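Here the sequence shown stands for residues -19 to -1, 1 to 259, where the numbers follow mature numbering (1 follows the signal peptide of the UniProt record, and there is no 0).
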Amino acid sequence: MKLMLAALLALLLVVSVDALDVTFRNLCGKDMMMFDGGTSEKIEKDGALKLTLPPGSIRAYRFGSGQQATLAEFSIDEKNTWYDISIIPVGPLGGPGQCTSLEDCKKVTGGRGFNKAIKMIPHGDANVPGTHCRTLTCLEDGCTDAYQYPDDPAKTHNCPADMKFTVVFCAKSTTGSSDSSQGWDSELESADVTARNTTVPAPEPSVAVSSITTKSGDEEGSTNVAVYVASIIGGAVLLIAAALFVRRYRYRSLERINERKLSSTALLNYQNRQEALL
């Protein structure tokens, strides 16, 4: 029985897919409503809200229900978390279309895309080859870390899928004595990216096969246990193989989605913003 439980636990570890844990903090000096599309969550003054986003999620979070808002955007697959801040203007004249600068987009839309300062902070090892994993900060309209117009692909960043994030609304500068939340924000800033160099020792096996086979009263009992164990392991192997096949299929599907995303950055950002405002 113990071996069967160990095999099932190993199977669950193999088939599990990393989800993204995001903590949202409200430093706005009052209670706030955070919107993602038409869905809203209340975050109390100086409070926090933790959400878990599964692979395949595409989210755009903003302060309040208004259309002209700073967006904290996530797109998650099984290997990476893609994230950005967007201040692409929207307004009464329509969407941004193919505008090529922040000022151009403001003229085209008759509006703006910034309402609250935002920080997006990954927590983990930043030195990951092939990624652009770092804190993004947008404290004012025109901030350089944010998308200012649709076709601005350098503003999309990515971190490994297992990295946690903190999103801070009404983030403050770390300088200036007038900032009542400076201590909290400075603490977050210092924890932006912490090294994960600790080597975790491999856990000792909870149950050894030999301990089971040697506890039998005679040779026949040992043989029966061995057959039982082999059948469990064989079944687990089949389940693991099936799970890996499904996981690989999902990954390839998500990879194709991300390829389309990268090849049509302007359209995706515009659609995300429109979906977030529905």
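Idealized CB from N, CA, C, for every residue including glycine.
No experiment lies behind these values; they were computed from the predicted model shown.
Query: Can you list the alpha helix (DSSP H) stretches of 4 or more residues lying completely in the stretch 83 to 109, in chain order?; Result: 83 to 90
Query: How many Å lie between G28 and V3 at the Cα?; Result: 14 Å
Query: By a C-beta neighbour count over all protein chains shown, 10 Å radius and 16 as the cutoff for buried, is M15 buried or exposed?; Result: buried
Query: Taking DSSP as the reference, what is the three-state secondary structure of P141?; Result: strand
Query: I'd like the list of long-range same chain contacts for K97, defined as Cβ closer than 6 Å, with 5 residues on each side in sequence excluded.; Result: F44, T51, F150 and C151
Query: Can you name, in chain order, every residue of its own chain whose Cβ lies under 6 Å from the Cβ of residue 261, other than the five neighbours on each side?; Result: With the chain covering only -19 through 259, there is no way to say anything about residue 261.
Query: Taking 6 Å as the limit between beta carbons, can you name the residues of its chain near R6, skipping five residues before and five after?; Result: A29 and V149
Query: If you draw a straight line from the C-alpha of G94 to the C-alpha of D126, how long is it?; Result: 14 Å
Query: Is the beta carbon of C140 closer than 8 Å to that of T112?; Result: yes
Query: Please report the distance separating the alpha-carbon of D143 from that of G18.; Result: 25 Å
Query: One question on the structure: do I57 and S38 come within less than 8 Å of each other, judged by their Cβ atoms?; Result: yes
Query: In the DSSP assignment, what are the bridge partners of R43?; Result: F16
Query: Who pairs with K23 in a beta bridge, going by DSSP?; Result: M14
Query: Excluding five sequence neighbours on each side, which residues of the same chain lie with their C-beta closer than 7 Å to the C-beta of G75?; Result: T90
Query: Can the beta-carbon of D85 be found closer than 8 Å to that of Y130?; Result: yes
Query: Take the Cβ of L8 as the centre, count every other Cβ of all protein chains shown within 10 Å, and call the residue buried at 16 or more, exposed below.; Result: buried
Query: Would a C-beta distance cut-off of 8 Å place R40 and E59 closer than the cut-off?; Result: no
Query: Are K136 and T116 close, meaning C-beta to C-beta below 8 Å?; Result: no
Query: Which class does A127 belong to by DSSP, given the choice of helix, strand or coil?; Result: coil
Query: For a quick check, are the C-beta atoms of G10 and K26 less than 8 Å apart?; Result: yes
Query: Could you check which residue in I102, V71 and D122 has the C-alpha nearest to that of T62?; Result: I102
Query: What is the residue span of the beta strand (DSSP E) that C119 lies within?; Result: L117 to C119
Query: DSSP state of K136, grouped into three classes?; Result: helix
Query: Could you tell me the alpha carbon to alpha carbon distance between Q49 and Y42, rounded to whole angstroms?; Result: 12 Å
Query: Can you name, in chain order, every residue of its own chain whose Cβ lies under 7 Å from the Cβ of P35, other than the five neighbours on each side?; Result: A(-1)
Query: Could you give the C-beta distance for L120 and S67, rounded to a whole number, given that I count them as a contact under 8 Å?; Result: That pair is no contact at about 15 Å.
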